[in-house]
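A.B. asks: Quick one: structure below, then a few questions.
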Amino acid sequence: MEIVLSAVGVITLILVVLGMGVWVFSGLAIVALLSLIMIGDVSIERAGAILSRIIFRAGNSWELAAIPLFILMGELIFRSNISDRLFRGLEPWTRHIPGGILHTNVFGCAMFAAVSGSSAATTATVGKITTNELKVRGYDRQLSIGSLAGAGSLGLLIPPSIVMIVYGVQAEVSITKLFMSGVLPGLLVAALYTGYLMMRALMDPSIAPKETGNTVTKLQSLGLLFPVILLITIVMGAIYTGIATPSEAAAVGVLATLTLLLVERQLSIEIFREALVGTLLSSTMVCSILITAALLSTAMGYLHLPAELATYIASLDLSPAWLLLALALFYILLGLFLDGISITVMSLPITLPIVIQAGFDPLWFGVFLVIMVELGQITPPVGFNLFVLQGLTGEKIGRVAKASFPFFVLMCVAALLLCIFPNIALWLPNALS
0 MEIVLSAVGV
10 ITLILVVLGM
20 GVWVFSGLAI
30 VALLSLIMIG
40 DVSIERAGAI
50 LSRIIFRAGN
60 SWELAAIPLF
70 ILMGELIFRS
80 NISDRLFRGL
90 EPWTRHIPGG
100 ILHTNVFGCA
110 MFAAVSGSSA
120 ATTATVGKIT
130 TNELKVRGYD
140 RQLSIGSLAG
150 AGSLGLLIPP
160 SIVMIVYGVQ
170 AEVSITKLFM
180 SGVLPGLLVA
190 ALYTGYLMMR
200 ALMDPSIAPK
210 ETGNTVTKLQ
220 SLGLLFPVIL
230 LITIVMGAIY
240 TGIATPSEAA
250 AVGVLATLTL
260 LLVERQLSIE
270 IFREALVGTL
280 LSSTMVCSIL
290 ITAALLSTAM
300 GYLHLPAELA
310 TYIASLDLSP
320 AWLLLALALF
330 YILLGLFLDG
340 ISITVMSLPI
350 TLPIVIQAGF
360 DPLWFGVFLV
370 IMVELGQITP
380 PVGFNLFVLQ
390 GLTGEKIGRV
400 AKASFPFFVL
410 MCVAALLLCI
420 FPNIALWLPN
430 ALS
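Take the sequence shown: its letter number 350 is residue 349 in numbering that gives the first Met the number 0, and every next letter is one higher.
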């Protein structure tokens, strides 16, 4: 019972500090320091010495180099016309499917997710084209907004994924294998979304007006899709063939993106400057949270909280199903208030030892965790995708959240299927290893 009280004490500290409006990275550092001093009875001098060593070690992790590079790649693409060409290239392939070009939200986000590790960037890049087009053509507003909110979260699941890199660094698992494990679950979620749109269109054809005319043939559309397909092939091909590590592949991806924009005469000093500023802001936020999360993980280790808590929960003899249900509810609750990276780095020191103790594969759990984080992207009050869509559409946040709810349910179905059939995540890394 003492270890449970200690865990409750740490969680209370986190909630109090973050509730005061403190930045997440500084809040994590404060909680780590206070936990060592107040719960671990460590002197402030010793606590400072411990944490200073961890800051240096965590900040020198080579895997962190992939984060700003993948962010820069997404920022450069966001400022080009590639998203517009992606929409026009997908249109001929979707216009005759029940639901019509509503499917461009799903297909477009799935493809863009393969060159950007950010959910918000995926939603914003695809949404800046599709939201207006679908509105002008008379498509159901709720479905167009909801499908984009749900599909935009694929930026976290389909590799390269920033959250997966964060998880891989913390859990000390192969990021390459983690990327592989996210491919089939990502396609599964996309298939569920597409199936739902088709079902809704067959039940009520008025939600997707019949398209007339065809300015772009399927053959011409391949030329429009070529830039995204090329970048996907270069980045993912480099990783999966073993030619490059994820960090090296991210650098190759940035070089390929710069070259592509130069060839197409879309790269200017102003665009490059804006992309660098956006990358600096985003990557500083992510890396600072990740480094201070290492402080919290170390503090938890000194308090023996993860190991003791894992032992305690194992003693409860919960079945794997009940354990996963408890973790799912825990992560959905966190997703109401925190962003995905914060959820990952704050929870892993406690949850990872528990799931390993229960016999779950850490690769599989990484995918499960990412899906839980994706759910948080489309749940108020802190669903980042909802805020992005609110800015794009001008709709009230409540209306955007309501439109997203069916896709929240579909993602829960995907998580359930992943639990029942774990090979959905594990087959590809096992087959290619």
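We put the CB at the ideal spot given by N, CA and C, even for glycine.
1) Exposed or buried, W363, counting other C-beta atoms within 10 Å across all chains shown (16 or more means buried)?
2) Assuming L85 and S143 are in contact, meaning their beta carbons sit under 8 Å apart, how far apart are those beta carbons, in whole angstroms?
3) Should E74 go down as buried or exposed, given a rule of 16 or more other Cβ atoms within 10 Å for buried?
4) Nearest-angstrom Cα distance between L35 and S118?
5) In three-state terms, what does DSSP make of T40?
6) Going by other Cβ atoms of all chains shown within 10 Å of its Cβ, with 16 needed for buried, is L323 buried or exposed?
7) Run the CB neighbour count on N104, radius 10 Å, all protein chains shown included, and call it buried at 16 or more, exposed below.
8) Throw me the rounded Cβ distance for the I164 and P245 pair, which I believe falls under 8 Å.
9) Expressed to the nearest angstrom, what Euclidean distance is found between the alpha-carbon atoms of S220 and R87?
10) Helix, strand or coil, according to DSSP, for K217 in the structure here?
11) For the segment 83-154, which segments carrying the alpha helix (DSSP H) assignment without a break, of at least 4 residues, lie completely within its bounds, in sequence order?
12) Here's the rule I'm using: 16 or more other beta-carbon atoms within 10 Å means buried, otherwise exposed. How should T350 be labelled?
13) Can you tell me the Cβ-Cβ gap for L50 and A112, rounded? I've got them flagged as a contact below 8 Å.
14) Count the other C-beta atoms from every protein chain shown that fall within 10 angstroms of the C-beta of D139, then say buried if there are 16 or more, exposed otherwise.
15) Please list, in chain order, all residues of the same chain as S79 whose beta carbon is under 7 Å from its beta carbon, the five residues on each side excluded.
16) If I follow the unbroken alpha helix (DSSP H) through E247, where does it start and stop?
17) Alpha carbon to alpha carbon, what distance is there between A31 and H303?
18) Here's a check: name, in chain order, each residue in its chain whose Cβ is nearer than 6 Å to the Cβ of G98, leaving out the five neighbours to either side.
19) Taking only runs of the alpha helix (DSSP H) that begin and end inside the segment 166-237, which ones reach a length of at least 4 residues, in chain order?
20) Kindly indicate which residue of P184, M299 and M37 has the alpha-carbon position closest to the one of V344.
21) Check this for me: beta carbons of L177 and G339, under 9 Å apart or not?
22) Count the other CB atoms, across all protein chains shown, that sit within 10 Å of the CB of F55; report buried if there are 16 or more and exposed otherwise.
23) If you measure between the beta carbons of L391 and A123, is that distance less than 9 Å?
24) If you drop the 5 nearest sequence neighbours on each side, which residues of the same chain put their C-beta closer than 6 Å to that of V253?
C.D. replies: In terms of the structure at hand:
1) buried
2) In fact, because the Cβ distance is near 16 Å, the residues do not count as touching under 8 Å.
3) buried
4) 35 Å
5) According to the sequence displayed, residue 40 carries Asp and not Thr. DSSP places D40 in coil when its eight states are reduced to three.
6) buried
7) buried
8) 7 Å
9) 7 Å
10) helix
11) 102-112, 118-135 and 140-151
12) buried
13) No, L50 and A112 are not in contact; Cβ-Cβ is about 36 Å, not under 8 Å.
14) buried
15) L260 and Q265
16) P245 to V262
17) 13 Å
18) L196, M197, A200 and A207
19) 174-202
20) M299
21) no
22) exposed
23) yes
24) L68, L71 and M72
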